[in-house]
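If you read the protein sequences in the order shown, they are chains P and Z. If you read the first sequence in our numbering, its first letter stands for residue 169, the second for the next number, and so on. If you read the second sequence in our numbering, its first letter stands for residue 263, the second for the next number, and so on. Here the structure is laid out as structure tokens; the discussion comes afterwards.
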Amino acid sequence: MSPGATRLTSPQEVVERALAASRGDGCVVIVEELSEAEVRFANNTTTTNGVRRDRRVAVVSFRSVGTAPLTLGVASASASGSGAIDVEALVRASEAEAAGAEPADDAVALVEPGPGAPAAQSPGFEDPPELTSPAVLDGVIGGLGEGFARARAAGNRLAGFATHGVATTYLGTSTGVRLRHAQPAGTMELVARSADGARSVWAGAATSTFDDIDVAEFEARLDRRLGWARRSVELPAGRYQVLLPPDATADLMVALSQALSGRDAEEGRSPFSAPGGGTKVGAELCPLAFELRGDPAEPGLESSPFLVTAASGTDVSVFDNALAIGRTGWIEQGRLARLQYHRAAAARSGTDPAPPVGNLTLVLPGATASLDDMIATTERGLLLTCLWYIREVDPVTLLLTGLTRDGVYLVEHGEVVGAVNNFRFNESPIDVLARALEASGSERALSREWGEWMNRTAMPALRVADFNMSSVSPAT
Amino acid sequence: MEQIRSQFVALRDGRVETTVDDTEVGVGLHVVRDGSFGFAATVELDPDAAARLADDAAELAQRSSAALGTPVEIADEPPHGEVEWASPYEVDPTTVSLADKVAVLEDWSRRLLASGSVDHVSARVMCVVEDKHYADLSGTVTTQRRVRIYPLVDAVAVDEASGSFESMRTLAPPAGRGWEYTAGRGWDWDAELETIPSLLAEKVAAPSVEAGRYHLVIDPSNLWLTIHESVGHATELDRALGYEAAYAGTSFATFDQLGTLRYGSPVMHVTGDRTTPHGLASVGYDDEGVEAQSFDIVRDGVLVGYQLDRRMAAENGLGRSNGCAFADSPLHVPMQRMANVSLQPAPGPGPGPSTEELISGVDRGIYVVGDKSWSIDMQRYNFQFTGQRFYRIEHGRLAGQCKDVAYQAQTTEFWGSLAAVGGPATYVLGGAFNCGKGQPGQVAPVSHGCPSALFGDINVLNARAEGAR
């Protein structure tokens, strides 16, 4: 058999067996089939390379409590099992949990097929899981062999990671929903360091197929930056005008998107809580007319058009499985437009539910400049590459700290004139939007900090005034 | 071959918000073929599937050899035969019913919500039981069980008028224990929960810190994380040699400085071990069949050792691995992960300083308690940490809380300013469930023991001022 082939029971059969075994008052079954291949490399050699096939099965059982049909108990269980006995055991385990559970805060009727939800069965539901294979990475591996030779000749060391996978999700519910979504995802990251470690540069990209990944093109991007780094400039901590490339913008905007909890904001424990109570929905966040949105149909960033979750959280609910996900504007015209809510919380708050979306796009309507255009019009500023080790310092303002990494460059009179030391920054992404002076057109970006779980982003480069570089980092 | 049972229960203001009960089962196999590495894994558990893994791994090794620069070698390890090991615990937490878990968290939440100074409470517990079976061609066959638990309660006070809020979290660390931990075995939950409302109220009313340089007395509840980031990761040899250059980063503590790098003051003695009772990284044998050990990393303030797996040990002629290989899943390849890296307390004779005695020697300083925000650069030089609460020290005494403190330093300067460590009575084992490393990303549990410690002249920022425009 070829790599990744299995003799497991089909995912559709697992869904049907679990639903048939259910004795509760409602049931949701999620089968996620994962197929992944990767190659990792460092010091001009491959290091760890892997292929894997995973299956995750989650069963959520619901139980009516008393006479109120929407007061339900919920529990979930998941496992990598494949046969009928495992599925039966999962159902029984989740029902046992539900039997002992108190009424859930997020209880609402399960999603029915029809208006506001996807069709009862998506067209490809009966299709098998999509698979990847190590062959997807053959082009990369071949390119790396040549790249390592060039790096050795130039006195540099290449390190990085290329991974490709497909997650095929099957969702079945006791209300008759049968949905399938296949989500391909891949990333390619390449770091070039001079042998003495004094110069280090990074390039990364997210991809769905690897057809658009060319190692030589990556090397060219790195060579350009290594060239910029031939001259080094030491600068002190302070506030600088900065140019954030799209990847660095993604580092900050993904962090912002994680603070969009409606319930937290209503309870006064969010940067989007309004003084005096309530939320800041409708309030102006930034003078430029930015739009921050998620849209399952975003070209090139396609993501699941329905909600799938094996566990409830503050703003997401297992009761909402199969809920249609549409285009959602979190920030529109520079104003906070929406916060995340599951259906139960939205009903309590008198607003519309807003589930999380599997992609994130920031655009400034009308912006068409490129990053190179923005460099050319910079009198003096710092061009960053990406941000790293980003952590929340103050949840009231969403103040974040982190480091610049693998390339900070001084721009003077429209040209890059040298590489600058790294910095620790203390900044809030909300304030970054508020102080943004200019944006480029948006393009697909890879957040280096968050890209492992959120790699479908499109971002502009940003010119930001007074970016707070709190201290110098000697790291290279 | 491994089964990992993970349970997570979270309550928000005393109501159940999230429940997860997950069982991961799978088998992974790695091969070295003609110096090239290959790994394959599956959830399919039958002999034929396992046999196919060998073919898949060998094929991948062959395919990757096109870009092979340095053939892989691994350090020798004596075969240990068929052995079993289990971490110490009393009650398997995954056998405790969801209702009983919820009842404990409800009780804890109710106690805090009954206070007038707490507006919201998040309470959660994560429990993990790992059952791992390992076999290699040398004849080592290990069967091991590890149990761990992490309960946590976070209280929030909201000032609705200003749109501001403060929080305070329990200091109880995650532990390699069973459900008995929630009943007071290893931590006094009743005592800690009783103090949180008044401590939070004091924090809300506390003055914002004046930025500047201070002597810091750092409690073990905060210092464990600083050790983790600035010593633990910096002394992983794969990082120091550049094998994590693209992701987790490298290290300022380069291999050529082994035995000479002045890491800190002479009172700094840091060990690595996988043997500490209730330690989250403790194990009988690592995921390459190497028996658990204890070893020095920094002695008398000088770098004297690294954390190793068999590949790193062989590549650098260091002899036997010190047993730091770990994979967080049967579907992930083992790699060098952190041992329990711990700062040793003041040696005898005598009991060594108490925390109060360390504070008594400070004229103007801050006592830092509990961890919160953390960040460090990719070579482990520049770090910034906050905490749960901070006390001003004036003329050798605590003078009430202050807030908005973040301390920032360079690693060797910070450890060079280590003026004194507390005695064994101040020593606490802290730690984390979720140390991240590698691509694809893996998380590892790890503990760090340390005493209270005094650091001189450290840069303190005002976090609110950092965010001011």
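All C-beta atoms in this analysis are idealised placements derived from N, C-alpha and C, irrespective of residue type, glycine included.
Does DSSP classify residue i as helix, strand or coil?
i	result
Z/L315	helix
P/K448	coil
Z/W449	coil
Z/F676	helix
P/G430	helix
P/E620	coil
Z/V358	coil
Z/H382	strand
Z/V705	strand
P/M542	helix
Z/Q663	strand
P/G315	helix
P/H510	coil
Z/I336	coil
P/A442	coil
Z/S492	helix
Z/N584	coil
Z/I411	strand
Z/G425	coil
P/D153	There is simply no residue 153 of chain P to check, as chain P begins at 169 and stops at 644 in what is shown.
Z/F647	strand
P/T216	strand
P/A416	helix
Z/V366	helix
P/D193	coil
P/M627	strand
Z/M388	strand
State buried or exposed for residue i, treating a residue as buried only when at least 16 other CB atoms are found within 10 Å of its CB.
i	result
P/G468	exposed
P/P291	exposed
Z/G343	exposed
P/A512	buried
Z/G685	buried
P/V401	exposed
Z/D535	buried
Z/T648	buried
Z/H657	exposed
P/N594	buried
Z/L399	exposed
P/R548	exposed
Z/S371	buried
Z/E352	exposed
P/G372	buried
P/E385	exposed
P/D222	buried
P/E435	buried
P/N217	buried
Z/T688	buried
P/L605	exposed
For residue i and residue j, which I take to be in contact (beta-carbon distance under 8 Å), what is that distance rounded to the nearest angstrom?
i	j	result
P/T529	P/R461	5 Å
Z/A668	P/V561	6 Å
P/A629	P/L424	Incorrect: roughly 17 Å between the Cβ atoms, too far for contact.
P/L550	P/Y408	5 Å
P/P297	P/E204	Their Cβ separation, rounded to whole angstroms, is 12 Å, which puts P/P297 and P/E204 out of contact at 8 Å.
Z/R572	Z/I336	4 Å
Contact residues within the stretch 395-428 of chain Z, judged by C-beta distance below 7 Å to chain P: V418, V420, E422, A423, S424, G425, S426, F427
Where the stretch 577-611 of chain P meets chain Z: residues whose CB sits under 8 Å from a CB there: N590, R592, N594, E595, S596, D599, A602, R603
The stretch 518-542 of chain Z: positions lying closer than 9 Å to chain P by Cβ: none
Residues of the stretch 646-660 of chain Z whose Cβ lies closer than 8 Å to any Cβ of chain P, in chain order: Q646, T648
Within 9 Å of chain P by C-beta, residues of the stretch 277-290 of chain Z in sequence order: From the stretch 277-290 of chain Z, only R277, V278, E279, T280, T281, V282, D283, D284, T285, E286, V287, G288, G290 have a Cβ closer than 9 Å to chain P.
Contact the stretch 540-558 of chain Z vs the stretch 601-610 of chain Z: 3+ CB pairs below 8 Å: Yes, the stretch 540-558 of chain Z touches the stretch 601-610 of chain Z.
Contact the stretch 417-425 of chain Z vs the stretch 294-305 of chain Z: 3+ CB pairs below 8 Å: no
Cβ pair count under 8 Å reaching 3, the stretch 296-311 of chain P against the stretch 321-339 of chain Z: yes
Proximal residues, the stretch 200-215 of chain P versus chain Z, C-beta separation under 7 Å: E206, V207, R208, F209, A210, N211, N212, T213, T214, T215
Positions along the stretch 435-456 of chain P whose CB lies within less than 7 Å of some CB in chain Z: Cβ contacts with chain Z: E435, G436, R437, S441, A442, P443, G444, G445.
contact_flag[the stretch 584-591 of chain Z, the stretch 430-447 of chain Z] where n(CB pairs < 8 Å) is 3 or more: no
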